[in-house]
Amino acid sequence: MSMTSLTTKSRKPEDVVIEGWLHKRGEHVKNWRPRYFIIFKDGALLGFRSKPKDSVPYPPLNDFMIKEAATMTFEKPRPNMFMVRCLQWTTVIERTFYADSPESRAKWIKAIEDISKRYKDSQDAPVEHMDTNPPTIDEDGEYAGAAHAIMGQPSAGPNHSDIDFRASMISIADTSDAAKRDKITMEDFDFLKVLGKGTFGKVILCKEKREQKLYAIKILKKEVIIAREEVAHTMTENRVLQRCKHPFLTELKYSFQEQWHLCFVMEFANGGELFTHLRKCGTFPESRARFYGAEIVMAIGYLHLNNVVYRDMKELRYSFQTDDRLCFVMEFAIGGDLYYHLNKEVQMNKEGFSEPRARFYGAEIVLALGYLHANNIVYRDLKLENLLLDKDGHIKIADFGLCKEEIKFGDKTSTFCGTPEYLAPEVLEDNDYGRCVDWWGVGVVMYEMMCGRLPFYSKDHNKLFELIMVGDLRFPSKLSQEAKLLLQGLLVKDPAKRTGGGSEDAMEICRQDFFKSVDWEAMYRKEIEPPYKPNVNSETDTSYFDNEFTSQPVQLTPPHKSGHLPTVDEQEEMQSNFTQFSFHNIVGSINRIYEASEEDERMAE
Numbered sequence: 000m001s002m003t004s005l006t007t008k009s010r011k012p013e014d015v016v017i018e019g020w021l022h023k024r025g026e027h028v029k030n031w032r033p034r035y036f037i038i039f040k041d042g043a044l045l046g047f048r049s050k051p052k053d054s055v056p057y058p059p060l061n062d063f064m065i066k067e068a069a070t071m072t073f074e075k076p077r078p079n080m081f082m083v084r085c086l087q088w089t090t091v092i093e094r095t096f097y098a099d100s101p102e103s104r105a106k107w108i109k110a111i112e113d114i115s116k117r118y119k120d121s122q123d124a125p126v127e128h129m130d131t132n133p134p135t136i137d138e139d140g141e142y143a144g145a146a147h148a149i150m151g152q153p154s155a156g157p158n159h160s161d162i163d164f165r166a167s168m169i170s171i172a173d174t175s176d177a178a179k180r181d182k183i184t185m186e187d188f189d190f191l192k193v194l195g196k197g198t199f200g201k202v203i204l205c206k207e208k209r210e211q212k213l214y215a216i217k218i219l220k221k222e223v224i225i226a227r228e229e230v231a232h233t234m235t236e237n238r239v240l241q242r243c244k245h246p247f248l249t250e251l252k253y254s255f256q257e258q259w260h261l262c263f264v265m266e267f268a269n270g271g272e273l274f275t276h277l278r279k280c281g282t283f284p285e286s287r288a289r290f291y292g293a294e295i296v297m298a299i300g301y302l303h304l305n306n307v308v309y310r311d312m313k314e315l316r317y318s319f320q321t322d323d324r325l326c327f328v329m330e331f332a333i334g335g336d337l338y339y340h341l342n343k344e345v346q347m348n349k350e351g352f353s354e355p356r357a358r359f360y361g362a363e364i365v366l367a368l369g370y371l372h373a374n375n376i377v378y379r380d381l382k383l384e385n386l387l388l389d390k391d392g393h394i395k396i397a398d399f400g401l402c403k404e405e406i407k408f409g410d411k412t413s414t415f416c417g418t419p420e421y422l423a424p425e426v427l428e429d430n431d432y433g434r435c436v437d438w439w440g441v442g443v444v445m446y447e448m449m450c451g452r453l454p455f456y457s458k459d460h461n462k463l464f465e466l467i468m469v470g471d472l473r474f475p476s477k478l479s480q481e482a483k484l485l486l487q488g489l490l491v492k493d494p495a496k497r498t499g500g501g502s503e504d505a506m507e508i509c510r511q512d513f514f515k516s517v518d519w520e521a522m523y524r525k526e527i528e529p530p531y532k533p534n535v536n537s538e539t540d541t542s543y544f545d546n547e548f549t550s551q552p553v554q555l556t557p558p559h560k561s562g563h564l565p566t567v568d569e570q571e572e573m574q575s576n577f578t579q580f581s582f583h584n585i586v587g588s589i590n591r592i593y594e595a596s597e598e599d600e601r602m603a604e
């Protein structure tokens, strides 16, 4: 059980060993913060922004376990400093404090060591010693070294709560006759244009030779993934894409691997990023922001229901690997990203999307995230660049690389990840956090859509983080009261008080006055006409994608630029990281065949 579930109110006064004010140094924003700490007999070290009262049993900002702790003291860069090595959940961490006097520091260290010794004695284990040589300290003081029907359910069949959905998907991919008969490789695709490029590989527009359908294929270099210790994130992305099917998430068609690559074959959303559209508009009208917001809420709500934190989302068609690359075959979102569209709006009209347009996008985003949450997935990297538009103008959330699986309501994770401008306060506070970080992200992107700028911004990341943690929101006068209330609720610093932070998750957001005009069932079925339709000339139109990438030649960078070729043992070791990677979206293919036959029957009638 997490210590955060045990408030000070559930303990008796005699359980307190020591309490009082200390200064704690931040792990990401390197400043000193006053915190009221309490050590309990059971080994809990809890930190609060102010002294807790019996009538306010709120969760602590810091939640450490010191039963097996070690301490160390030093006097620079501040006097009366000490460091504690202890547990946060199951992770060994080190946290630095300073007290007001040497006597105060001595009392805290004695309390910590007494509890640690008592616990070790009870376990009949030797006391762990810590190197007492002071660490090297640099000049900056841093140490070197909508209901379930809307949101969706896991589609594992009867008694799905007793079935390991991930295992069942792998079983389908590995044992079906279709999968054995139709092994996917790069030879099955014609490469057309480069859509994007990053550290781990490229995204290329391609056409599948057999079906003559367009996809976006994400090709990753295995050696880079291993070198940067991103194997776990990559395999998580593959599993999440296989599990999740939702109208506002891009679909995975295949995933496969070749000798040096992993490949994801995804939908192609050629409408571009929402970031691009918003950049052009400045701000969206409220109706447009409402539309997008509704779709986003649906998508993230789905993820949360499935115990997944988003952190960064597209639907997967195939995944496969070559010898040196991982390949994901995805939908092609031809409309581009919202960053492009918003930037265009800002340039033309000096403001963002209208509220109706922002409402539309917001609604689709909420549905998508609600779906992920329903599947216990937290996204964790919502931003305009990850919000694509398909050819009709509907939202497609892209890039699952930072998703976290198996996160239900009340569950926590602690990885510091995401994009700086979109990080939630609880992430910056060095606290464990839950799926509510996604709703903070929704607040940021909807603020951008309607206000034409970020709610908190500075080129200096330390100043930016301070603004996110303690800064006040400001709104343009044109914004409606309903829009202000929605944004204020989504951008609450305390995740426990944030709109969507309770057990109802996306449903609480759907009921906000800003979305009262949204028919959520019709939104989910895509029966509401989008406020904007990308102007694309053909299915291969990439005008909504950055010319910096689309003008590049379509070719894969060969591995081992140094000229060193891996040994057989090295190749086998590399391949062992990506077992059970390949995937063929058989269910999706069957559904499309069935839908096509139904359409033929209707036309025949």
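Taking numbering that gives the first Met the number 0, I'd label the letters of the sequence shown as residues 0 to 604.
Virtual Cβ for every residue (Gly too), placed ideally from N, Cα, C.
Length of the line joining the Cα atoms of Ile-17 and Val-202: 56 angstroms
First through last residue of the beta strand (DSSP E) which encompasses Asn-61: 61-73
At least three beta-carbon pairs within less than 8 angstroms, the segment 454-472 to the segment 412-432: yes
Nearest-angstrom Cα separation, counted from Met-449 out to Glu-354: 6 angstroms
Reduced DSSP category for Arg-524 - H, G, I as helix; E, B as strand; rest coil: coil
Assigned secondary structure, Ser-561 (DSSP; H/G/I helix, E/B strand, else coil): Low local confidence applies: a pLDDT of 47 at Ser-561 is under 50, so the model's placement there is unreliable, and no value is given.
Reduced DSSP secondary structure (H/G/I, E/B, other) of Leu-478: coil
Three-state class that DSSP yields for Tyr-378 in the structure shown: strand
Buried/exposed call for Gly-392, threshold 16 Cβ in 10 Å: buried
Three-way DSSP call (helix, strand, coil) for Pro-101 in this model: helix
Among Lys-66, Lys-23 and Gly-46, nearest to Arg-77 - alpha-carbon criterion: Lys-23
Boundaries (first-last residue) of the alpha helix (DSSP H) holding Phe-464: 460-469
Buried versus exposed call for Lys-382 [16 or more other C-beta atoms within 10 Å across all chains shown]: buried
Inter-stretch contact at 8 angstroms, needing at least 3 Cβ pairs: the segment 488-500 / the segment 59-71: no
Ser-353 (DSSP reduced to helix, strand or coil): strand
Assigned exposure category for Lys-244 - 16 Cβ within 10 Å defines buried: buried
Three-state class that DSSP yields for Asp-437 in the structure shown: helix
Asp-512 - partner residues in DSSP beta bridges: None; Asp-512 has no bridge partner.
Where Lys-221 falls, given that 16 or more other Cβ within 10 Å makes a residue buried: buried
For Val-91, three-class secondary structure by DSSP: strand
Alpha-carbon to alpha-carbon, His-340 and Asn-269: 12 angstroms
Distance CB(Lys-343)-CB(Thr-282) smaller than 9 angstroms: no
Same chain, Cβ closer than 8 angstroms to Thr-70, five either side skipped, listed in chain order: Phe-81, Met-82, Val-83, Arg-84, Ile-108, Ile-111, Glu-112 and Met-129
Same chain, Cβ closer than 7 angstroms to Glu-285, five either side skipped, listed in chain order: Ser-353, Glu-354, Pro-355, Ala-357, Arg-358, Met-449, Ser-479 and Ala-482
Stretch-stretch touch, CB-based, cutoff 8 angstroms, three pairs: the segment 234-244 with the segment 410-421: no
Buried or exposed (CB count within 10 angstroms, at least 16 for buried), Pro-12: exposed
For Lys-192 and Val-553, believed in contact at Cβ under 8 angstroms, the rounded distance: 7 angstroms
C-beta contact flag for Ile-508 and Gly-351 at 9 angstroms: no
Beta-bridge pairing of Thr-282 - partner residues as DSSP gives them: Gly-351
Residues of its chain near Ala-521, where Cβ-Cβ distance is below 7 angstroms and the 5 sequence neighbours each way are ignored: Ile-527
Reference Tyr-118, options Gly-42, Glu-447 and Arg-34, closest by Cα: Gly-42
Inter-stretch contact (C-beta, 8 angstroms, three-pair minimum) for the segment 395-402 and the segment 367-387: yes
Cutoff 8 angstroms; reference Ile-232; Cβ partners in own chain excluding five residues on either side: Note that residue 232 is His in the sequence shown here, rather than Ile. Here the set comprises Gly-400 and Leu-401.
Buried versus exposed call for Phe-39 [16 or more other C-beta atoms within 10 Å across all chains shown]: buried
Member of Leu-44, Leu-277, Ser-100 and Ala-332 whose CA lies at the smallest distance from the CA of Tyr-214: Ala-332
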